[in-house]
Every structure is written in structure tokens, then in C-alpha cells.
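Note sheet for the following structure.
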Amino acid sequence: MKGFLPMPDIDVVNAQLLSLLQDDGRMTNARLSEHLGMSETPCWRRLKRLEESGVIEGYQANLNRRKLGLGVMAFVQLRCSEHDQAATAEFQRIVQTTPNILSCHNTTGADDFLLIVVARDLDDYSSFVDSTLRRLPGVTSIRSNLSLKEMKASSKLPVAAR
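In UniProt numbering, the protein residues as written are 1 to 162.
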């Protein structure tokens, strides 16, 4: 990737450091170094190298969607008829700038894309389908599966030394 340093080795210490940060992204360098059993300067250097190489992309707070009034989560499969460069660029622009779309994946199989979408309620979701999804360039089919119960939600990746 342009602008990034080469990826550092994910040794046991880096794996532990990454796991600790996934559990608490606000952990101070002093606490990290204490948990890792090392002094602060080498710990800070490891952390900076992981950030500069792009292994750590950023830090964010995890929010409770229900407490923010977003009670509906939908998994949406889209099929498209247009795959030219202009339609694809417009599709990407709309997806990337629409906050209700949490993620979008180009997939194999019968459908072209899988989206995760949140909405306040079913009426809000219905309005979102009409105002946004049906207007995406080239979309010929929209299939939605609504989440009845969220059994696991995590953005934590399994980290192991290699």
C-alpha cells in the first residue's frame, strides 16, 4: 500500500499488543507496556510501527445501535445488471456516503453485493429501500433478511503470531 511502511512481523508480543488494543482501544502506552512486561519506549515503538504499516488503521468507539434508536438491522442482497465503470463508480459513491449502510461486500454467487443496513424501524427501512436502494445504478433485485436477534457482533479479528 502506498504511504505505509512494510508490515511488521506479528510476533507473540505484537499479537498480544493488538489483542489488548482490540479489547480497549483507549489503553495508555503505560498500561500496554505493563501488560506486555516491557518498558514504555519499546512498546510505543511497536505501536507506532503497527500504525504506520497500516496494521492498525485507526481507533473508534463502539456504539450501541439500539440505544441510538436503530432497532432494525437488515442483510441486503443486491443483484445488478450494469457493471460498467461509470455505474460502478456511482454505486460505490452512494454506498460509501450513506451512513445507514454499515458495510458492503462484492460477493460471489447469485447476488453481486451484500450490504448490512440499519434503520430506526420497519417504516424507516422501507423508506430507505425506496429512496436509496432502488435508486442505485443497475440494481435489478433486492432481497432483505431482517435480523431477529443479534447473537454476536464483533469487529475484533483473531490475532496470532506467525
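Note that CB positions come from ideal geometry on N, CA and C, so glycine has one too.
If you're wondering where the values come from, they're calculated on a predicted model, not measured in any experiment.
C-beta atoms of residue i and residue j nearer than 7 Å
i	j	result
VAL12	ALA161	yes
VAL72	ASP121	yes
ARG65	PRO8	no
LEU78	PHE113	yes
GLU51	GLY138	no
residue 238	HIS35	Nothing can be reported for residue 238: it is not among the residues displayed for the chain, which extend from 1 to 162.
Nearest residue (CA-CA) to residue i, options the options
i	options	result
CYS43	LEU18, GLN60, ASP23 and ASN62	LEU18
LYS67	VAL118, ARG135 and PHE128	VAL118
ALA87	ARG135, GLN16, ASP123 and SER127	ARG135
LEU70	LEU157, ASN29 and LEU102	LEU102
THR108	ASP124, SER131 and CYS80	CYS80
Nearest-angstrom beta carbon gap, residue j and residue i [assumed within contact, 8 Å]
i	j	result
ILE142	VAL76	6 Å
Where residue i sits in the DSSP three-state scheme
i	result
THR88	helix
SER147	coil
THR140	strand
ARG79	strand
Of all the beta strand (DSSP E) runs that stay within the bounds of the region 5-72, which reach a length of 3 or more residues? none
Can you check the region 91-119 for any alpha helix (DSSP H) of at least 4 residues that lies completely inside it and give the ranges in chain order? none
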